[in-house]
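Engineer: Take a look at the following structure, please.
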Amino acid sequence: MDYKKSNAPLTTVTRNLYDMDNPTGNLYQSVAIVSKRANQISVQMKQELNVKLEEFTSFTDNLEEVFENREQIEISKFYERLPKPTLIALQEFMEGKIYYRTPEVVPTEEQ
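Going by the working numbering, the sequence shown opens with residue 16, and the numbers climb by one from there.
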């Protein structure tokens with residue numbers, strides 16, 4: 016997913032709870048869906064950042080040889096300026112871009 020193109024806000028926005036529970040009919044189910052998606056986004060962003068920063072790792076560095084790498088700093092700052100995973104997930108949910116399903120409840124016979 017391209018997080019740069021996300022139209023999620025960069026800061027926290029007050030939301031109407033009734034708008035959040037409309038897709039599922041249950042506010043708590045909506046929050047659970049958003050939190051699971053936020054975890055997925057967070058893991059993806061961390062993996063992407065680690066891959067990009069891996070290019071700059073050197074296994075021969077000691078404390079005296081550590082130096083500033085401008086590219087590495089810029090990459091880190093870029094990821095810090097992105098919207099937080101929770102805000103991205105909430106925006107996706109409100110736009111109907113998250114696929115979710117609820118398991119069917121099978122009635123059991125009582126003996």
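The beta carbon of each residue, even a glycine, is placed where N, CA and C say it ideally should be. Please read all numbers here as calculations on a predicted model, not as lab measurements.
Work out the CA separation of N54 and N31 for me, nearest whole Å.
Structural biologist: Whole-angstrom Cα-Cα distance: 23 Å.
Engineer: Taking only the alpha-carbon atoms, compute the straight-line gap between D36 and P100 and give it to the nearest angstrom.
Structural biologist: Going from the Cα of D36 to the Cα of P100 covers about 20 Å.
Engineer: Among residues of its own chain, excluding the 5 on either side of F127, which ones have a beta-carbon nearer than 6 Å to its beta-carbon?
Structural biologist: The structure shown does not extend to residue 127, since the chain is modelled only from 16 through 126, so no value can be given for it.
Engineer: Can you give the Cα-Cα distance for I90 and E107, rounded to whole angstroms?
Structural biologist: If I take the Cα positions, the gap works out to 25 Å.
Engineer: Could you have a look at N31 and say whether DSSP puts it in helix, strand or coil?
Structural biologist: Here N31 sits in coil by DSSP.
Engineer: Since I56 contacts I103 with CB under 8 Å, what's their CB separation in whole angstroms?
Structural biologist: About 5 Å; that satisfies the 8 Å criterion.
Engineer: Is it buried or exposed, P98, if we count other Cβ atoms within 10 angstroms and call 16 or more buried?
Structural biologist: Under this definition P98 is a buried residue.
Engineer: At which residues does the alpha helix (DSSP H) containing F93 begin and terminate?
Structural biologist: Residues 85–96.
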